[in-house]
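To start, the structure under review is shown below, and the notes come after it.
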Amino acid sequence: MKIRNVLVIYKKSAYEIHVLEHKNPLFREMDSKKESIEERRLRLSHELHYETVKEVKRVLEEKEVPYKAVYRSAKIDVKPYNLIVSVGGDGTFLEAARRVHRQAILGVNSDPGHSVGSFCAAGRGQFGKLLDSVLKRHWVARKINRLELRVNGKVLPYRVLNDILFCHRNPAAMSRYWIRVGKLREEHRNSGLWVSTAAGSTGAIKSAGGRVLPWESRQIQYWPRELYKWHGWHYRLTGGLLKEGQKLVIGSMIREGSLYLDGPHLSTRFSYGDTLEISNSPFPLNIILPKHR
């Protein structure tokens, strides 16, 4: 792969946010000699994270690869870049991937001891070797399926890599919706509905009772959460896999519904009468992953 320009997207650490910036009163004053166990853990993770950010920058400079580094919250046009590098964990990777269209993306886990990095091809100290392989074209980016969402007939500008959660904005309130798979349609009352890609099948949907799928699978999986059972009512759409080319359609029956896309940071209102059609996106994500994934 010929790398023309690299965009490095990295997170702020929890220590940076809660201690250095917000001066959270739960943590000690900065000039105190005492350090709590939790603060020490956050500080060490913070140091490892920024050592990894420095490592990524240093390697790119040594290889004379043009790059720009930004926080993951920055608004930036990714079109000029043909390789995106995320530094953090899966949360940072998902936020970076949301912007990617056809470019390749590579994840670097900055603190493997405490950060989940299922999407990350490298950890701290491994980026240089991996970049050499990329530059020598000794790698093949894997195409991982994403989901396309249509709300009331309009395609949303986000392609979902991991999962979608539909539920009431208040987690203590009941979610109500109708769901259609093929010709079968029924009404659900529960605490929400998970829909995931194969890549997202090891996450929340697995905890809810779903199946783990091979990453290359294009099957869409859905799983209702805590279905409410009342006298004489029998559910048929209790979770499973869609057939190839099949779409999942849901309709909101609550005023304060929300769709959460790839985690808690991106959501959109999904109110009474709104409909959502979920299908495979024609634009899979090109991920550089280790061979064992």
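Residue numbers (numbering that gives the first Met the number 0): 0 to 292. Idealized CB from N, CA, C, for every residue including glycine. In this text the structure is predicted, and so the values were computed from the model without any measurement.
Residue from the options whose Cα sits closest to the Cα of residue i
i	options	result
LEU226	TRP193, LYS242, LYS246	TRP193
GLY238	SER266, HIS187, PRO281	HIS187
ALA203	GLN220, ASP131, ILE83	GLN220
PHE92	VAL159, LEU148, GLY250, LYS242	VAL159
ARG184	ALA13, ILE249, SER117, LEU130	ILE249
GLY88	PHE282, ILE2, ALA13, ARG39	ALA13
ARG136	GLU20, LYS182, ALA103	ALA103
HIS100	PRO281, LEU288, ILE287	PRO281
LEU134	ASN285, ILE287, PHE269, LYS1	LYS1
SER190	PRO223, ARG179, ARG217	PRO223
LEU41	TYR259, SER266, GLU243, GLY112	GLY112
LEU43	SER109, ILE75, VAL86, ALA68	SER109
DSSP-derived helix/strand/coil call for residue i
i	result
VAL139	coil
ILE219	coil
ASP110	coil
ALA103	strand
ILE286	strand
HIS187	strand
ALA171	coil
GLY90	helix
LYS128	helix
LEU19	helix
LEU275	strand
LEU6	strand
ARG123	coil
LEU146	strand
TYR14	helix
LEU155	coil
LEU134	helix
Assumed close pair residue i, residue j - CB separation to whole angstroms, cut-off 8 Å
i	j	result
THR201	VAL211	6 Å
VAL5	TYR66	4 Å
SER257	ARG168	5 Å
VAL52	TYR9	5 Å
VAL7	VAL77	That belief does not hold up - the Cβ atoms of VAL7 and VAL77 are roughly 12 Å apart, past 8 Å.
GLY106	GLY90	The pair is not a contact, with the Cβ atoms about 11 Å apart (cut-off 8 Å).
GLY181	GLN245	6 Å
Residue i: CB within 7 Å of a non-hydrogen atom of the ligand FMN
i	result
GLY122	For the ligand FMN, the structure offers nothing, since it holds no ligand at all.
_Assess contact between the region 129 to 142 and the region 173 to 187, defined as three or more Cβ pairs (one per stretch) separated by less than 8 Å. Is contact present?_
no
*Which runs of the alpha helix (DSSP H) fall wholly inside the region 32 to 81 and span at least 4 residues, in chain order?*
36 to 61
*In the region 185 to 273, which residue ranges form an unbroken beta strand (DSSP E) of at least 3 residues, counting only runs that do not cross its ends?*
191 to 195, 220 to 224, 247 to 251, 256 to 260, 266 to 268
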